[in-house]
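Per my numbering, the very first residue in the sequence shown carries number 2; after that it's consecutive. Glycine residues also receive a C-beta, built at the ideal position from the N, C-alpha and C atoms. Note that this is a predicted model, so its numbers are computed, not measured. Reviewing the structure listed below.
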Amino acid sequence: MIRKWIWLAAVAVAANAGPAAAIDAVLFEGVRVFDGTSPQLSAATNVLVVGNRIAAIGAGALTAPDGTVVTRIAGKGRTLMPGLIDAHTHIMFQSLPQIALLTTDITYVSIAAAVGARDMLMRGFTTARDAGGPVFGVKRAIDTGLIPGPRIWPAGAMLSQSGGHADFRLPNELGGDAALQSYGERVGAGIIADSPDMVRKRAREQLALGASQIKMHAGGGVSSNYDPLDVTQYTVAELRAGVEAAENWGTYVTVHAYTPRAIRQAVEAGVRVIEHGQLIDDATAKLLADKGIWWSLQPFLADEDATPFPAGSANALKQAEMMAGTDAAYKLARKYRIRTAFGTDTLFDAKIAVRQGAQLTKLLRWYTPAETLAMATSGNADLLALSGKRAPYQGKLGVVEKDALADLLLVEGDPIADIKLIEDPAKNFVVIMKDGVIYKNALTGK
């Protein structure tokens, strides 16, 4: 009985712990606005935030509701823009080496992820779509105000066939008792699900835990040890079982896939978002456009941000093969005007994680600065909207407009004229606001 009362008290405390209290109102005076969609900044104007939403823009912003305490921030021609959105993250996996993730106590991993989430927010990324991992606890800690961090759209455990991209078992664990879960499965990193019935069951479990979308692996991957890139994973029936489970909850399935065959099979099953796709061909890209499928594509290049694998290893060879297709993939995305999202998919390296903004600016190879910023704000927000009522936060994101959620950055300079400003958020993001709460204000030294 004592244990029961302790548990009930802990639940009550967690339920009543809210985020840091928002200032009644914040008035950004004399700012030029990038609204998330326009190719140029506005003339100097005013933006009023009341609570967690944008209440007014322009002359009307100078009038706050009666009784409201207004904090004024002098923009002095700086740029006010929406908070950035990363559409493919793994917050639990981004900063620790892979071996540590597979062997270290999950509480240590969670603490490292909490630090990483805080740092992500301070880089100006106010929202992250998490494409797989046991992030529910970190998300709850952020939402209840225990730690700072971005809004998180969680997928929960990634679904994989045996020998697939999320099969984290050691070789000596393969072929054992199917009832004995591996460490990765027990902590919710990835779940093995063979057969439509098992896929359906595992997808429903993640939805019950709070998944805003379901992540499945439809083809081979770089960081996994069993599957070459050309391997097609899951059958149409298995993928369709996941799609049906997600659709019954009003949301969708996104799949990891690189090759035309894996992508086409996923589309046939009703999948609505393709992750990666660097080895796609022209006909399959056209299929994505014709079907209105989203393409969540990352600028993986053979540069300093490539995940380090031992030279000559199978992982390194797969990575080189995948990265060789990046340029052609983006050109096809542009050619067919496919709805394209930006994400980083950083794994296993804290040095790469801090270069989130630098990853975004790589899109200049294929897009204008305004198009790049729009993709990482209003564009990615449109992708998040696919979760419907399963979205963990209701309201409009990715834009600066009346009634939108107040996730805002005040930038020292014009990021359309010089998009490289976002590569140094410590210097150039002088105010960072999420949900109407100011987390950084360099203008007052806070």
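Can you pull the DSSP bridge partners for Lys-403? Under the DSSP definition of a beta bridge, Lys-403 lacks any partner.
Under a Cβ-count criterion, where at least 16 other Cβ atoms within 10 Å of its own Cβ denotes burial, should Tyr-109 be classed as buried or exposed? For Tyr-109, the number of other beta carbons within 10 angstroms of its own is below 16, and it is reported as exposed.
For Gly-138, does the three-state DSSP call read helix, strand or coil? In the structure shown, Gly-138 sits in a helix (DSSP, three-state: H, G or I).
Just to check my reading of the structure: Lys-216 and Gly-133 have Cβ atoms closer than 8 angstroms, yes? What is that Cβ distance to the nearest angstrom? Rounded, the Cβ-Cβ distance is 5 angstroms, consistent with contact.
Spatially closest choice to Gln-1 from Met-199, Gly-313 and His-277, by CA coordinates: This structure does not reach residue 1, given that the chain is present from 2 up to 447, and the question cannot be answered.
Counting along the chain, where does the alpha helix (DSSP H) carrying Arg-241 start and finish? Its alpha helix (DSSP H) spans residues 237-249.
Identify the residues that DSSP records as bridge partners of His-218: which are they? The partner list for His-218 (beta bridge, DSSP) reads His-257.
Cutoff 7 angstroms; reference Glu-174; Cβ partners in own chain excluding five residues on either side: Excluding positions up to five away in sequence, the list reads Ser-183.
Excluding the 5 residues flanking Arg-33 on each side, which residues of the same chain have their C-beta closer than 8 angstroms to its C-beta? Its chain contains Leu-42, Ser-43, Ala-44, Ala-45, Thr-46, Gly-76, Gly-78, Arg-79, Thr-80, Leu-81 and Asp-415 as the residues whose beta carbon lies nearer than 8 angstroms to that of Arg-33, once the 5 sequence neighbours on both sides are disregarded; these appear in chain order.
Quick check on this structure: which residue in Lys-287, Gln-279 and Trp-250 has the alpha carbon closest to the alpha carbon of Val-268? Residue nearest to Val-268 within the set Lys-287, Gln-279 and Trp-250 is Lys-287 (criterion: CA-CA distance).
Assuming contact is defined by CB atoms lying nearer than 9 angstroms, are Ser-163 and Asp-350 in contact in what I supplied? No Cβ-Cβ contact shorter than 9 angstroms links Ser-163 with Asp-350.
Beta-carbon spacing of Val-355, Asp-120 below 9 angstroms: Pairing Val-355 with Asp-120 gives a Cβ-Cβ distance under 9 angstroms.
Option nearest Ala-212 by Cα separation, candidates Asp-283, Pro-135 and Ile-148: From the listed residues Asp-283, Pro-135 and Ile-148, the smallest Cα separation to Ala-212 is found for Pro-135.
Under the three-state reduction of DSSP, which class applies to Arg-423: helix, strand or coil? The question names Arg, but residue 423 in the sequence shown is Ile. Per DSSP, reduced to three states, the secondary structure at Ile-423 is helical.
Quickly, what does DSSP pair Gly-452 with across the bridge? List them, please. A question about residue 452 goes unanswered here, because the residues of the chain that appear run from 2 up to 447.
Start and end of the beta strand (DSSP E) containing Asn-442? First-last of the beta strand (DSSP E) with Asn-442: 438-442.
Close Cβ partners of Ser-225 (< 6 angstroms) along its chain, the five nearest in sequence each way excluded: Only His-166 meet the Cβ criterion.
Say whether the segment 99-115 touches the segment 371-378, bearing in mind that this needs 3 or more beta-carbon pairs closer than 8 angstroms, one atom from each stretch. Judged by Cβ distances under 8 angstroms, the segment 99-115 makes no contact with the segment 371-378, as fewer than three pairs qualify.
Given that a residue counts as buried once 16 or more other Cβ atoms are within 10 Å of its Cβ, and exposed if not, what is Gln-214? Buried is the label assigned to Gln-214, since at least 16 other Cβ atoms lie within 10 Å of its Cβ.
When you compare the segment 144-154 with the segment 184-204, are there three or more beta-carbon pairs, one atom per stretch, that lie closer than 8 angstroms? The segment 144-154 vs the segment 184-204: no contact.
Run through DSSP, which three-state label would Phe-430 get? Look at Phe-430 here: in three-state DSSP terms it is strand.
Here's the rule I'm using: 16 or more other beta-carbon atoms within 10 Å means buried, otherwise exposed. How should Val-412 be labelled? With 16 or more other Cβ atoms within 10 Å, it is buried.
Here's the rule I'm using: 16 or more other beta-carbon atoms within 10 Å means buried, otherwise exposed. How should Gln-395 be labelled? Exposure of Gln-395 is indicated by the presence of fewer than 16 other C-beta atoms within 10 angstroms of its C-beta.
Pick from Ala-303, Asn-316 and Leu-49 that is closest to Ala-65, judged by C-alpha positions: Distances from the alpha-carbon of Ala-65 to those of Ala-303, Asn-316 and Leu-49 put Leu-49 closest.
Just to check my reading of the structure: Arg-273 and Leu-387 have Cβ atoms closer than 8 angstroms, yes? What is that Cβ distance to the nearest angstrom? A Cβ-Cβ separation of about 6 angstroms places Arg-273 in contact with Leu-387 under the 8 angstroms criterion.
Helix, strand or coil for Arg-73, going by three-state DSSP, please let me know. Arg-73: strand per DSSP, three-state reduction.
Quick check: the segment 433-446 against the segment 415-424, are there 3 or more CB pairs under 8 angstroms? Because the criterion of three Cβ pairs below 8 angstroms is not met, the segment 433-446 and the segment 415-424 do not touch.
C-alpha distance - Asp-168 paired with Thr-128, whole-angstrom precision: So the two alpha carbons sit approximately 28 angstroms from each other.
Range of the contiguous alpha helix (DSSP H) that encloses Thr-373: For Thr-373, the uninterrupted alpha helix (DSSP H) run begins and ends at 370-375, by DSSP.
For the segment 328-336 and the segment 359-369, state whether three or more C-beta atom pairs, one from each stretch, are separated by less than 8 angstroms. When C-beta atoms of the segment 328-336 are compared with those of the segment 359-369, three or more pairs fall below 8 angstroms, so the two segments count as touching.
Mind reading off the beta-carbon distance from Gly-185 to Leu-103? Whole number of angstroms is fine, and I expect it under 8 angstroms. Sure, about 7 angstroms apart at Cβ, within 8 angstroms.
Can you give me the C-alpha to C-alpha distance between Gly-358 and Arg-124, rounded to a whole angstrom? Our two residues, Gly-358 and Arg-124, have alpha carbons roughly 7 angstroms apart in a direct line.
In the DSSP output, which residue or residues are listed as bridge partners for Ala-57? Here Ala-57 is bridged, per DSSP, to Leu-49.
Straight-line gap, Phe-94 to Ile-433 (C-alpha atoms, nearest Å): Counting only the Cα atoms, Ile-433 lies some 25 angstroms from Phe-94.
Whole alpha helix (DSSP H) elements within the segment 323-377, 4-residue minimum: If we require 4 residues or more, the alpha helix (DSSP H) runs fully inside the segment 323-377 come out as 327-336, 351-354, 357-362 and 370-375.
Unbroken stretches of the beta strand (DSSP E), 3 residues or longer, contained in the segment 290-317: You should have 295-298.
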